[in-house]
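**Student:** I am attaching a structure below and will ask some questions about it afterwards.
In the working numbering, the protein residues as written are -3 to 130.
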C-alpha cells in the first residue's frame, strides 16, 4: 500500500477521535507576548472583539486562567456571501512560579488587548550586593 493510499484513512481516524463540541462558538488560544522587567512580568494577550466586562481572570493553585467571551454581532437579517473571520471565545492558562506576588496581580483591557501585570515578590527582584573590604 502506498503513502497516497493511506492518506484518506489517516484523515478518517483523526476525525473519529475528535471530541464533540457542546459550546456555541469555538474557543481560541489568544496570542500573547510576555515581557519581564526587574519588578514584574507582563502578559499582553490579543482578544479581538472582547470587551472588559466579558473578561474573566482566575487564579487557583498557581494556575492563572484568562477567558474572554465574544458577543457575536446581530446578523439575523444578513446572509453571508463570503467569510474569513469566525467569532469565538478565548481561553489560555499559565502556571505561575513562586516569583510572582499573586496578591498584587492587576489587569487592564483596552481595544481587544488584555494586559496582565504579575509583580515579582520582593526576594525575587534583582539587587546590588555591596562588597566590603576586610
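No residue lacks a Cβ here, since even glycine has one placed at the ideal position from N, Cα and C. Computed from a predicted structure; not experimentally measured.
1. Tell me which residues share the same chain as residue 91 and place their Cβ nearer than 7 Å to its Cβ, disregarding the 5 neighbours each side in the sequence.
2. Any idea which residues DSSP pairs residue 106 with across the strands?
3. Do you know how far the Cα of residue 105 is from the Cα of residue 35?
4. Taking 8 Å as the threshold, find out whether the stretch 85 to 99 comes into contact with the stretch 35 to 45 through three or more Cβ pairs.
5. Under a three-way DSSP split, which group does residue 27 fall into?
6. By DSSP, does residue 4 sit in helix, in strand, or in coil?
7. Can you tell me which of the three DSSP states residue 97 falls into?
8. Just to confirm, is the Cβ distance from residue 110 to residue 37 under 7 Å?
9. Who are the near neighbours of residue 97 in its chain, counting only those whose CB is closer than 7 Å to its CB and skipping five residues on each side?
10. Would you identify the three-state DSSP class for residue 32, choosing helix, strand or coil?
11. For residue 47, which three-state DSSP category applies?
**Tutor:** Reading from the atomic positions:
1. 58 and 59
2. 109
3. 21 Å
4. yes
5. coil
6. Any answer about residue 4 is weak, because its pLDDT of 45 lies below 50 and its placement is not dependable; what the coordinates show is given next. Note: residue 4 maps to helix in three-state DSSP.
7. coil
8. no
9. 115, 116 and 117
10. strand
11. strand
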